[in-house]
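Residue numbers (our numbering), protein chains in the order written: chain A, 2 to 242; chain B, 2 to 242.
Ideal Cβ positions, reconstructed from N, Cα and C, are used throughout, including at glycine.
Note that the coordinates shown come from a computational prediction; the quantities given were computed from them, not determined experimentally.
One structure below.
Number of protein chains: 2
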Amino acid sequence: MKKPLYQQIADDIKEKINNNEFKPGDPIYSENELCKAYHTSRATVRRGLSLLANEGYIYVVHGKGYFVKEPDQNTYKLYYSEMDNLFNSVDNTKLLEVNIILPDSKLIESFKISKNKKIVMIRRLFFIDDEPVAYDKKYMLYLKGIPIVEKEIRYATFPEMVARIVKNTSLFNIKKHLMIYAQMPDEVTKNYLKIDDDQCIMTVEQKLFNKNGKIIGLGETHFKSDYCRLYAESEFADDKW
Amino acid sequence: MKKPLYQQIADDIKEKINNNEFKPGDPIYSENELCKAYHTSRATVRRGLSLLANEGYIYVVHGKGYFVKEPDQNTYKLYYSEMDNLFNSVDNTKLLEVNIILPDSKLIESFKISKNKKIVMIRRLFFIDDEPVAYDKKYMLYLKGIPIVEKEIRYATFPEMVARIVKNTSLFNIKKHLMIYAQMPDEVTKNYLKIDDDQCIMTVEQKLFNKNGKIIGLGETHFKSDYCRLYAESEFADDKW
DNA sequence: GAGTGGTCTAGACCACGAT
DNA sequence: TCGTGGTCTAGACCACTCT
Chain A
2 MKKPLYQQIA
12 DDIKEKINNN
22 EFKPGDPIYS
32 ENELCKAYHT
42 SRATVRRGLS
52 LLANEGYIYV
62 VHGKGYFVKE
72 PDQNTYKLYY
82 SEMDNLFNSV
92 DNTKLLEVNI
102 ILPDSKLIES
112 FKISKNKKIV
122 MIRRLFFIDD
132 EPVAYDKKYM
142 LYLKGIPIVE
152 KEIRYATFPE
162 MVARIVKNTS
172 LFNIKKHLMI
182 YAQMPDEVTK
192 NYLKIDDDQC
202 IMTVEQKLFN
212 KNGKIIGLGE
222 THFKSDYCRL
232 YAESEFADDK
242 W
Chain B
2 MKKPLYQQIA
12 DDIKEKINNN
22 EFKPGDPIYS
32 ENELCKAYHT
42 SRATVRRGLS
52 LLANEGYIYV
62 VHGKGYFVKE
72 PDQNTYKLYY
82 SEMDNLFNSV
92 DNTKLLEVNI
102 ILPDSKLIES
112 FKISKNKKIV
122 MIRRLFFIDD
132 EPVAYDKKYM
142 LYLKGIPIVE
152 KEIRYATFPE
162 MVARIVKNTS
172 LFNIKKHLMI
182 YAQMPDEVTK
192 NYLKIDDDQC
202 IMTVEQKLFN
212 KNGKIIGLGE
222 THFKSDYCRL
232 YAESEFADDK
242 W
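And the structure:
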């Protein structure tokens, strides 16, 4: 299990950064210095530095050198799926509505489309152990010719739906935004989720974009608060390479 | 602005994956095939493939080849800081308590420490425009000799605090976990946040670990729901290299 | 012009998987 | 054994920054 040299180089520098021997903003060794120090070639040195760059420890400036980065404290990896949240999984769903509609002014605004374009609207209820746990609404651009198969959308997450229904999208090239907040449910949501006391809900709004940055989907999911615990962790970029 | 060859190789393969010519699980070209196809050396081909691997499009199996990855639909990049959330920033804080305590059984359990170890406890209130918006509690391992300067912790995020107070930690090597959920406030929180109607709160629990996986900090922040909107987006790993 | 990183070549040898 | 990827060498030439 000998550690490759490029890994050793990366680890040595990483340790100096962790121990504050190199501080954010500081220049570190040049490639040539490292070549000499480790009696190796530039390719190997560069590979080590590339690891550190990918892990967010350093950055490069052409013609100047390598510098220690300010650590990115506030970025986390979040796991989110309408259907699953590490603690419980939706085990049943009910399709409340699948419709092709003309957009109201709010949707026209959001999708930046003309008013004669059509929108697919899907409303669902999610269940766990026969208890309604989330009320879900989705809007997607409608493009002729793609059949909407109920079976396929009952358990689909929003990205999966869009990859099926909207043309020229694959799960690889959808950009996604989430907005997450707590609120008190409105009457409709209260009814669907059978909330009678003053329990609150977690709302997750989704926006999906194609690779050109055009909005192709809008969604909101309202979770009964007991059934929505979101988990996130700091990303320690693992060395994929 | 000529595109480097390794980028071209990566883009060509990426396009085939986006267009579903290569599906998840499929083997793609071998390094040697690509060398021939692009009349180039293995190093260049490997650099292109490395890009794709870092962006999550493909994975490698030694001795077998490169394969298309299942797209990671449910992973997002989340921005979280107690002090800032893209919509509003805490502009004032009040230190309710800074104390060194002996852990109760719950803390002993959580930190996996013996009962004579000491814990630093910090409680704060956060304000925006003179309105209390969050109630914040932190627990950290106490190590002798490090002074706790009130000025330094009033506006500090949890990772910043720990990097100051706990030995051998830097902002680079702290692992962080978050648990996020909506709930109704308890009486204490209601009083601090001056909530009289039935408004709900967003709770964010933080766990901090050192590089060996040992827990070094526990925190919970309770936000008035209007002041906590969390934002996340799909991570399109930018080519750092 | 000297020093830095950015791209690329044409090899070598090793480790792993399938057969 | 053969084809695959994994590590590494010793160069080349180019582009950028600083002085």
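| Test: B:I154 CB closer than 7 Å to a CB of chain A | Closer than 7 Å: no.
| task | Closer than 8 Å, Cβ to Cβ, to anything on chain B: give me those residues from the region 20 to 54 of chain A, in chain order. | result | Along the region 20 to 54 of chain A, going in chain order, the ones with a CB nearer than 8 Å to a CB of chain B are N20, N21, A44, S51, A54.
| said: Below 8 Å on C-beta distance, what does A:L172 contact in chain B? | reply: P72, Q74
| From which residue to which residue does the alpha helix (DSSP H) around B:V134 run? | Here B:V134 belongs to no alpha helix (DSSP H); instead the beta strand (DSSP E) covers 132 to 142.
| message | Going by C-alpha to C-alpha distance, which of B:N117, B:K118, B:V91 sits closest to B:D131? | response | B:V91
| query | Closer than 7 Å, CB to CB, is A:A135 near chain B or not? | reply | no
| message | For A:K195 and A:Y228, what's the separation of their Cα atoms in angstroms? | response | 14 Å
| Proximity below 7 Å, CB of A:I216 to CB of A:F88 | No, the pair does not count as a contact, with Cβ atoms beyond the cut-off.
| field | Distance cut-off 6 Å: B:P5 Cβ against heavy atoms of the ligand NAP | value | In the structure shown, the ligand NAP is absent, as is every other ligand, since no ligand is present at all.
| Which residues mark the beginning and the end of the alpha helix (DSSP H) in which B:I10 is found? | 6 to 19
| query | Three-state secondary structure (DSSP) at A:T41? | reply | coil
| task | Could you tell me which of B:L97, B:K95, B:I120, B:T45 sits nearest to B:L103, measuring between CA atoms? | result | B:I120
| message | Cutting at 6 Å between CB atoms, please list the residues of its own chain near B:D239, excluding the five before and the five after it. | response | In this prediction, B:D239 has a pLDDT of 49, which is less than 50 and means its spatial position is unreliable; what the coordinates show is noted afterwards. So the list is empty, once near-sequence residues are dropped.
| query | Pairing CB atoms from the region 74 to 83 of chain A with CB atoms from the region 63 to 70 of chain B, are three or more of them under 8 Å? | reply | When Cβ pairs closer than 8 Å are counted between the two stretches, the region 74 to 83 of chain A is seen not to touch the region 63 to 70 of chain B, the count staying below three.
| task | Examine the Cβ distances between the region 133 to 150 of chain A and the region 186 to 194 of chain A and report whether three or more of them are shorter than 8 Å. | result | Between the region 133 to 150 of chain A and the region 186 to 194 of chain A there are three or more C-beta pairs closer than 8 Å, enough to call the two in contact.
| task | Look at A:T158 and A:R125 and say whether their C-beta atoms are less than 7 Å apart. | result | no
| request: Determine which residues of the region 202 to 218 of chain A have a Cβ less than 7 Å from any Cβ of chain B, and write them out in chain order. | output: I202, M203
| request: For my contact list, A:Q8 and A:G57 are in at a C-beta cut-off of 8 Å; report their separation, rounded to the angstrom. | output: Going by Cβ atoms, the distance from A:Q8 to A:G57 rounds to 17 Å, so no, they are not a contact pair.
| said: Tell me the rounded alpha-carbon separation between A:L209 and A:R230. | reply: 22 Å
| field | Local Cβ density within 10 Å of A:E34, reported as buried at 16 or more and exposed below that | value | exposed
| query | So, B:K212 versus B:N174, is the Cβ gap smaller than 7 Å? | reply | Using a Cβ distance threshold of 7 Å, B:K212 and B:N174 count as a contacting pair.
| What in chain A is Cβ-close to B:K78, meaning under 9 Å? | Result: T76, Y77, K78, L79, E236.
| query | Looking only at its own chain, which residues have a Cβ that is under 8 Å from the Cβ of A:M84, when we skip the five neighbours before and after it? | reply | Excluding sequence neighbours, A:M84 sits near S90, V91, F127, Y156, T158.
| field | Option nearest A:E161 by Cα separation, candidates A:L53, A:N117, A:T204, A:G220 | value | A:G220
| Within 7 Å, strictly: CB atoms of B:C36 and B:R43 | yes
| query | A:I181 versus chain B: which residues are under 8 Å apart at the beta carbon? | reply | I181, R230, L231, Y232, A233
| message | Please classify B:G218 as buried or exposed, where buried requires at least 16 other C-beta atoms within 10 Å of its C-beta. | response | buried
| Proximal chain A residues relative to B:S82, where beta-carbon distance stays under 8 Å | Q74, N75
| query | Identify the residues that DSSP records as bridge partners of A:K116: which are they? | reply | Partner(s): none; A:K116 has no beta bridge.
| Fully enclosed by the region 144 to 190 of chain A, which beta strand (DSSP E) runs are 3 residues long or longer? | DSSP runs (the beta strand (DSSP E)) wholly in the region 144 to 190 of chain A: 176 to 184.
| field | Distance, A:I101 Cα to B:M185 Cα | value | 38 Å
| query | Taking the DSSP output, what are the residues bridged to A:R125? | reply | A:L96, A:D137
| task | Would you verify that the beta carbon of B:I18 is, or is not, closer than 7 Å to some beta carbon of chain A? | result | For B:I18, the answer is yes, since a Cβ of chain A falls inside 7 Å of its Cβ.
| message | Classify A:K177: buried if its beta carbon has 16 or more other beta carbons within 10 angstroms, exposed otherwise. | response | Taking all protein chains shown into account, A:K177 has 16 or more neighbouring C-beta atoms within 10 Å of its C-beta and is therefore buried.
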